[in-house]
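So that you can map any letter, position 186 of the sequence shown is 181 in my numbering, and since no number is skipped, the others follow by simple counting. Using N, Cα and C, we set each Cβ at its ideal position, and we do this for glycine too. As the structure is a computational prediction, the values presented were derived from the model and not from experiment. So the structure is just underneath, and the comments pick up after that.
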Amino acid sequence: MLEGVLDWLDSNMDKFQTPVEDSIVGIPPENIKADLSRKALIELGLALRLAQRSSVLRKHPKIEKLKEAWISIVYSQNFFFDSRRRIQLFPHRVVACSVLKSFGINEQEVSNDLQTVLDRGYLDRIERSAWDKLDMKYYIEACDLKHSFSNNYDLLLNSSLINLPKLSYIQNMDLYGLTHLLFHFSDFGSVDMKQFLGVHYKDVQKYVDLSTSMSIIKQDWDLTAELLINQFCLRKQFTEIDRDIASTLCKSQQTSGFIPGRDWVKQRQDGKSLEENLPLFDDVYHPTIVTLILLDCEFINN
């Protein structure tokens, strides 16, 4: 499965090309927003960042090739241009900075610019959900930057992990909130979540189990992969059911290597003919990258 995912990403690297940042004109810097290509590049960076924790993946030739291509895009597109004024791009840029740091590349000037933005006392003080705050806080701290966010325990008390929403009414976005909270509170499994969650651990574990079963029934491979990552975050000993779910996810992989997204699955269910080797990138890139993160977790823990 790993080889297919890496091959598909490599063959689609041209779609991860972001705008040349210093060529954007006619838009006030503070109004420049992230587009899909920036989002896709950052998410690929997250998968490559986590892969550095595995001695096997870190040395994998295809991972190294993707890493070099990722770095090349960041520098050729001048990704960090005008960071002090393009504040809507701050979340993507702080993630990119943390990815470079995991590669052993320390961009001090970029770090200084990002710290200047934080020192204005705005981005880390406006009203956000616990999920949004933690997402940003996690990567800010990965860059060794100072901030005004609350500590993780206070964020936990204001999160849905303490008051889990009824599964009968749950929406996809609610589940993404939960998966991201577990990603970053646990540092993808580095933190003992039994200790951190305390009396809430069993309820959260059961909730993740049920949510995973719901997602696999819907053939929602994106959420299935994220929830399986959560099992690593919770340090769960995989059961036979968990292994069956993971196996079903593996079987969803197409011959060119990608993992289907919701639109792709729906079109297949509707009986529409699709050229398997020409998928809609926008639909399938995210479940494919999330599956790579899941594989990262498996290699790290084995």
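- The segment 202 to 237 is shown to contain whole alpha helix (DSSP H) runs of 4 or more residues at 216 to 228, in chain order.
- In the structure shown, valine 105 adopts helical secondary structure according to DSSP, grouped into three states.
- In terms of Cα proximity to serine 210, the closest of Asp187, Asp169 and Asp182 is Asp169.
- By the neighbour-count criterion, in which a residue is buried when 16 or more other Cβ atoms sit within 10 angstroms of its Cβ, asparagine 297 is exposed.
- In chain order, Phe180 place their CB closer than 7 Å to the CB of asparagine 147, counting only its own chain and leaving out the 5 sequence neighbours on each side.
- Tryptophan 126 has its alpha-carbon roughly 25 Å from the corresponding atom of aspartate 108.
- Cβ-Cβ distances below 7 Å link serine 106 to Cys92, Cys138 and Leu140 in the same chain, with the five nearest sequence neighbours on each side left out; the list follows chain order.
- Non-local beta-carbon contacts of aspartate 291 in its own chain, meaning distances under 6 Å to residues more than five positions away in sequence, involve Leu45 and Ala46 in chain order.
- Contact between the segment 117 to 131 and the segment 60 to 79 is not established, with fewer than three Cβ pairs separated by less than 8 Å.
- Taking 7 Å as the cut-off, the Cβ atoms of threonine 174 and glutamate 136 do not count as close.
- Around the C-beta of glycine 99, fewer than 16 other C-beta atoms lie within 10 Å, and the residue is accordingly described as exposed.
- Under the 10 Å beta carbon count, aspartate 215 is surrounded by 16 or more other beta carbons and is classified as buried.
- When only Cα atoms are considered, histidine 195 and isoleucine 240 end up about 24 Å apart.
- Boundaries for leucine 84: no alpha helix (DSSP H) harbours it, and the DSSP string shows neither H nor E there.
- Excluding the 5 residues flanking it on each side, valine 94 has same chain C-beta neighbours closer than 6 Å at Gly40 and Arg44, in chain order.
- In the DSSP assignment, alanine 35 falls within the unbroken alpha helix (DSSP H) covering 31 to 46.
- Under the three-state reduction of DSSP output, serine 155 falls in the coil class, being neither helix nor strand.
- Arginine 53 and leucine 61 have their C-alpha atoms some 11 Å from each other.
- Between the alpha carbons of glutamine 12 and tyrosine 164 lies a distance of about 38 Å.
- In the structure shown, valine 112 falls within a helical segment according to DSSP collapsed to helix, strand and coil.
- For the 7 Å CB-CB criterion, isoleucine 37 and histidine 87 form a contact.
- Where phenylalanine 294 is concerned, the enclosing alpha helix (DSSP H) starts and stops at 276 to 295.
- By the 16-neighbour rule on beta-carbons within 10 angstroms, serine 71 is exposed.
- Distance from the CA of tyrosine 280 to the CA of glutamine 190, rounded to the nearest whole angstrom, comes to 35 Å.
- The C-beta distance from leucine 289 to isoleucine 224 rounds to 5 Å, short enough to fall under 8 Å.
- About 11 Å separates the Cβ atoms of cysteine 228 and leucine 192, ruling out a contact at the 8 Å cut-off.
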